[in-house]
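Visitor: Have a look at the structure that comes next, please.
Numbering (our numbering), first residue to last: 41 to 302.
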């Protein structure tokens, strides 16, 4: 009888810890206040700002690095790689906001401080669209072509306005728009969700192609075959290894772009 009581108490404690952890995850992702303008600098000191490589990162939780226990995210891994290839001081301003959708990013780009940062940028890193499409998993309940096309149409209008705004503020910065992967390809309707993500990426890349110096960076292929190996415990965001894959691809494109401009 005593053993039964001990097991019951331990079960209650374990269950309480599980619910507490779940609550922290939900609060962090959906309810924790996030400043509309959050800036982090990873810069080397220099007396002449004209010699700095200015990077501005915008978008959603992927650009914030949610899911990477090191806190780097793909942006941090790109910076690590760039610092091995150049002695030029690098300054990063990360303005991404967790949970942000395309309409909110478009509104953020109207802020004077955001435009000031963009105006100084040499490179812009950007993730957006995952929350528009997946909507916290709600889209999985309605995968009809009519519904997907409706939300995609709204998103593409916002995306076009985002690119147009960036180009009006800074005509010369190279913008790297990072495409979507499918975090749900191990679940039911995997073929359907994968087809939706591929078409979403294709249509988004078509919008990017309308503007100079905007490069669509694919990530779909990086995750498709081994998605579970590269996802965080929430089964949505990348883990450290997933972010490394994105960072490696992006840094290779930056090197190619710089060499092509020489």
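The beta-carbon is built from N, C-alpha and C at its ideal position, and this holds for glycine as well.
Residue 136 and residue 156 - do their beta-carbons sit closer together than 8 Å?
Guide: Start at 1 with the first residue of the chain shown, and residue 156 comes out as number 116. Start at 1 with the first residue of the chain shown, and residue 136 comes out as number 96. Contact flag unset, no.
Visitor: Following the continuous alpha helix (DSSP H) through residue 248, name the residue where it begins and the one where it ends.
Guide: Translated into the one-based positions of the chain shown, residue 248 becomes position 208. Segment 230-248, the alpha helix (DSSP H) holding residue 248.
Visitor: Using a threshold of 8 Å, state whether the C-beta atoms of residue 21 and residue 108 are closer than that.
Guide: There is no way to answer for residue 21, as the model of the chain reaches only from 41 to 302.
Visitor: Could you say which of 292, 159, 169, 212 lies nearest to residue 254 if we only look at CA atoms?
Guide: As a working note, residue 254 is residue 214 in the chain shown. When each option's Cα is compared against that of residue 254, the closest is 212.
Visitor: Which residues does DSSP list as the beta-bridge partners of residue 218?
Guide: Numbered from 1 along the chain shown, position 178 holds the residue referred to as residue 218. In the DSSP output, where bridge partners are listed per residue, residue 218 has 167, 257.
Visitor: What is the DSSP secondary structure of residue 151, reduced to helix, strand or coil?
Guide: For the purposes of this step, residue 151 is taken as residue 111 along the chain shown, with counting starting at 1. Note: residue 151 maps to coil in three-state DSSP.
Visitor: Given that a residue counts as buried once 16 or more other Cβ atoms are within 10 Å of its Cβ, and exposed if not, what is residue 182?
Guide: Taking the first residue of the chain shown as 1, we reach residue 182 at position 142. Exposed, because fewer than 16 other Cβ atoms sit within 10 Å of the Cβ of residue 182.
Visitor: Do you know offhand how far residue 83's Cα is from residue 95's?
Guide: The sequence position of residue 83 within the chain shown is 43, counting from 1. The sequence position of residue 95 within the chain shown is 55, counting from 1. Because residue 83 carries a pLDDT of 38, less than 50, the predicted location of this residue cannot be relied on, and no value is offered for it.
Visitor: Would you tell me roughly how many angstroms separate the C-alpha atoms of residue 165 and residue 141, rounded to the nearest one?
Guide: Counting from 1 along the chain shown, the entry for residue 165 is found at position 125. Counting from 1 along the chain shown, the entry for residue 141 is found at position 101. Going from the Cα of residue 165 to the Cα of residue 141 covers about 16 Å.
Visitor: When the Cβ atoms of the segment 183-202 are set against those of the segment 241-258, are three or more pairs found closer than 8 Å?
Guide: Touching, yes, given that three or more Cβ pairs across the two stretches are closer than 8 Å.
Visitor: Can you tell me whether residue 292 is helix, strand or coil according to DSSP?
Guide: As a working mapping, residue 292 is identified with position 252 in the chain shown. Three-state DSSP puts residue 292 in a helix.
Visitor: Return the bridge partner residues of residue 99 from the DSSP annotation.
Guide: Here residue 99 corresponds to residue number 59 of the chain shown, with the count starting at 1. Answer is 167, bridged to residue 99.
Visitor: Name the two residues that bound the continuous alpha helix (DSSP H) containing residue 132.
Guide: For the purposes of this step, residue 132 is taken as the residue at position 92 of the chain shown. Unbroken run through residue 132 is the beta strand (DSSP E), 130-134; no alpha helix (DSSP H).
Visitor: Which of helix, strand or coil does DSSP assign to residue 175?
Guide: As a working note, residue 175 is residue 135 in the chain shown. Looking at residue 175 - three-state DSSP - the assignment turns out to be helix.
Visitor: Just how far apart, CA to CA, sit residue 293 and residue 120?
Guide: Position 253 of the chain shown, counted from the first residue, corresponds to residue 293. Position 80 of the chain shown, counted from the first residue, corresponds to residue 120. Their Cα atoms are separated by approximately 15 Å.
Visitor: Between which residues of its own chain and residue 93 is the CB-CB distance below 6 Å, once the five residues before and five after are set aside?
Guide: Your numbering for residue 93 matches position 53 in the chain shown. So the list reads 128, 130, 162, once near-sequence residues are dropped.
Visitor: With 16 other CB atoms within 10 Å as the buried threshold, where does residue 113 fall?
Guide: For the purposes of this step, residue 113 is taken as the residue at position 73 of the chain shown. It is buried - the Cβ of residue 113 has at least 16 other Cβ atoms within 10 Å.
Visitor: CB-CB under 8 Å to residue 259, same chain, minus the five flanking residues each way: which ones, in chain order?
Guide: The residue given as residue 259 occupies position 219 in the chain shown. Here the set comprises 218, 219, 220, 221, 285, 286, 289.
Visitor: When you compare only the Cα positions, how much space is there between residue 227 and residue 275?
Guide: On the chain shown, position 187 is the one that residue 227 refers to. On the chain shown, position 235 is the one that residue 275 refers to. Answer to the nearest angstrom: the Cα atoms are 11 Å apart.
Visitor: Between the alpha carbons of residue 118 and residue 256, how many angstroms are there, rounded?
Guide: Reading the chain shown from its first residue, position 78 is the one you call residue 118. Reading the chain shown from its first residue, position 216 is the one you call residue 256. Residue 118 and residue 256: Cα-Cα distance of roughly 16 Å.
Visitor: With DSSP as the reference, label residue 311 as helix, strand or coil.
Guide: As displayed, the chain neither begins before 41 nor continues past 302, which places residue 311 out of reach and without an answer.
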